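In this note's numbering, the protein residues as written are 1035 to 1364. From the three backbone atoms N, C-alpha and C, an ideal C-beta is built for every residue, glycine too. From a predicted model like this one, the values you see are computed outputs, not experimental measurements. Worksheet: one structure, shown below.
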């Protein structure tokens, strides 16, 4: 089946059909420019469906869904939960519907992978009538890392206990048992959890919000000042705490999987996160780790009881798979 995957961000989109990324700036939604470009190149010929990544599905959308006006209205209503991400995604879906009338359009949700977390992972210790829960994000990325690791290791996903670390500008960790998310570091919003480029992660709930600016890990690794070193220490320490906590939550561990721009390209960050965990069965191969700055690969030592892999996430591939599966089912 020929499927177009559209991954709309707040200011750009990624797509899989002809690999690429389209930046905003023309005054039009990037999907308009994408469709015009693909049509001119004849790449829309024979297209059978379009799949869209939507960040927040709330409690309403826990599986991929065929898009109609009712679904779009519900997605608009969810925009208050993800104001930077859902509106561009909804606008992109509308542009695709206008450009390709009659073609099936499917929404695939980043929160869906975490939607069935047990109460221990999903609930806050606050009154139920507040109506809040931990949704979790980066679901497509964590799901890809888990499924791809199962493929690479040749082991059934249903038998695996995994910790996936999606480390980029936004960062999150997930504990995955039998292919299901049982806990994840992001919560009601993407702010909770790990230290990120523009998000502080876990803080005391009584803390007055301070403006903290942003940081690029590449710049921090090149810097020589004490503050840069301290920022890296805080970043890696927080991730290491989550790895240890999720090992306890999972009752053991088969693999740690790194994804995202930082997780894929920064050997020193991976080393710092897992440093000192040999007593838990996690042992890196220093040479393998240092040599792995792109692509898939094993970076654990031969005798490590827990495997450690680097796997670039491929959200667009999952969007295509889910879209094709739903269209075939209908």
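Would you report the Cα separation of residue i and residue j, rounded to the nearest angstrom?
{"i": "residue 1178", "j": "residue 1249", "result": "27 angstroms"}
{"i": "residue 1044", "j": "residue 1063", "result": "Note that residue 1044 has pLDDT 49, beneath the 50 cutoff, so the model's placement of it is unreliable and the number below is only indicative. Those two C-alpha atoms are separated by around 10 angstroms."}
{"i": "residue 1317", "j": "residue 1286", "result": "15 angstroms"}
{"i": "residue 1384", "j": "residue 1300", "result": "Because the chain here runs from 1035 to 1364, residue 1384 falls outside it and cannot be looked at."}
{"i": "residue 1081", "j": "residue 1359", "result": "15 angstroms"}
{"i": "residue 1298", "j": "residue 1320", "result": "15 angstroms"}
{"i": "residue 1059", "j": "residue 1312", "result": "The pLDDT assigned to residue 1059 is 49, lower than 50, so where the model puts this residue is not dependable; a value taken from the coordinates is nonetheless given after this. Those two C-alpha atoms are separated by around 49 angstroms."}
{"i": "residue 1079", "j": "residue 1355", "result": "19 angstroms"}
{"i": "residue 1245", "j": "residue 1234", "result": "Low confidence applies here, because residue 1245 scores a pLDDT of 45, under 50, leaving its location unreliable; read the following figure in that light. C-alpha separation (whole angstroms): 10 angstroms."}
{"i": "residue 1209", "j": "residue 1361", "result": "30 angstroms"}
{"i": "residue 1278", "j": "residue 1333", "result": "19 angstroms"}
{"i": "residue 1163", "j": "residue 1156", "result": "15 angstroms"}
{"i": "residue 1219", "j": "residue 1292", "result": "15 angstroms"}
{"i": "residue 1331", "j": "residue 1345", "result": "7 angstroms"}
{"i": "residue 1295", "j": "residue 1135", "result": "36 angstroms"}
{"i": "residue 1325", "j": "residue 1181", "result": "24 angstroms"}
{"i": "residue 1140", "j": "residue 1125", "result": "14 angstroms"}
On the criterion of 16 or more Cβ atoms from any shown chain inside 10 Å, does residue i qualify as buried, or is it exposed?
{"i": "residue 1088", "result": "buried"}
{"i": "residue 1281", "result": "buried"}
{"i": "residue 1185", "result": "exposed"}
{"i": "residue 1224", "result": "buried"}
{"i": "residue 1200", "result": "buried"}
{"i": "residue 1159", "result": "exposed"}
{"i": "residue 1336", "result": "exposed"}
{"i": "residue 1170", "result": "buried"}
{"i": "residue 1232", "result": "exposed"}
{"i": "residue 1098", "result": "buried"}
{"i": "residue 1258", "result": "exposed"}
{"i": "residue 1154", "result": "exposed"}
{"i": "residue 1168", "result": "buried"}
{"i": "residue 1007", "result": "What is shown of the chain runs 1035 to 1364, which leaves residue 1007 out entirely."}
{"i": "residue 1190", "result": "exposed"}
{"i": "residue 1195", "result": "buried"}
{"i": "residue 1221", "result": "buried"}
For the alpha helix (DSSP H) containing residue i, list its first residue and its last residue.
{"i": "residue 1176", "result": "1173-1187"}
{"i": "residue 1151", "result": "Taken as a continuous stretch (DSSP letters only), residue 1151 belongs to no alpha helix (DSSP H), as it is neither H nor E."}
{"i": "residue 1068", "result": "1064-1074"}
{"i": "residue 1352", "result": "1349-1363"}
By alpha-carbon positions, which one of the options ends up nearest to residue i?
{"i": "residue 1040", "options": "1350, 1364, 1103 and 1361", "result": "1350"}
{"i": "residue 1128", "options": "1166, 1288, 1085 and 1326", "result": "1085"}
{"i": "residue 1092", "options": "1165, 1288, 1067 and 1260", "result": "1165"}
{"i": "residue 1146", "options": "1226, 1120 and 1174", "result": "1174"}
{"i": "residue 1303", "options": "1283, 1272 and 1284", "result": "1272"}
{"i": "residue 1095", "options": "1102, 1142 and 1066", "result": "1142"}
{"i": "residue 1206", "options": "1191, 1189 and 1230", "result": "1230"}
{"i": "residue 1198", "options": "1132, 1308 and 1238", "result": "1308"}
{"i": "residue 1266", "options": "1274, 1176, 1254 and 1037", "result": "1254"}
At which residues does the beta strand (DSSP E) containing residue i begin and terminate?
{"i": "residue 1139", "result": "1139-1143"}
{"i": "residue 1341", "result": "1341-1344"}
{"i": "residue 1293", "result": "1289-1293"}
{"i": "residue 1146", "result": "Unbroken run through residue 1146: none, as it is neither H nor E."}
{"i": "residue 1037", "result": "1037-1042"}
Output the residue ranges of the beta strand (DSSP E) runs that lie fully inside the segment 1182-1268 and measure 3 residues or longer, sorted by chain position. 1195-1201, 1205-1211 and 1214-1218
Please list the segments of the alpha helix (DSSP H) lying wholly inside the segment 1084-1130, counting only runs of 4 or more residues, in order along the chain. 1103-1111
Please give the ranges of any alpha helix (DSSP H) in the segment 1296-1343, keeping only runs that are unbroken, at least 4 residues long and fully inside the region. Counting whole runs of 4 or more residues, the segment 1296-1343 contains the alpha helix (DSSP H) stretches 1301-1308 and 1320-1325.
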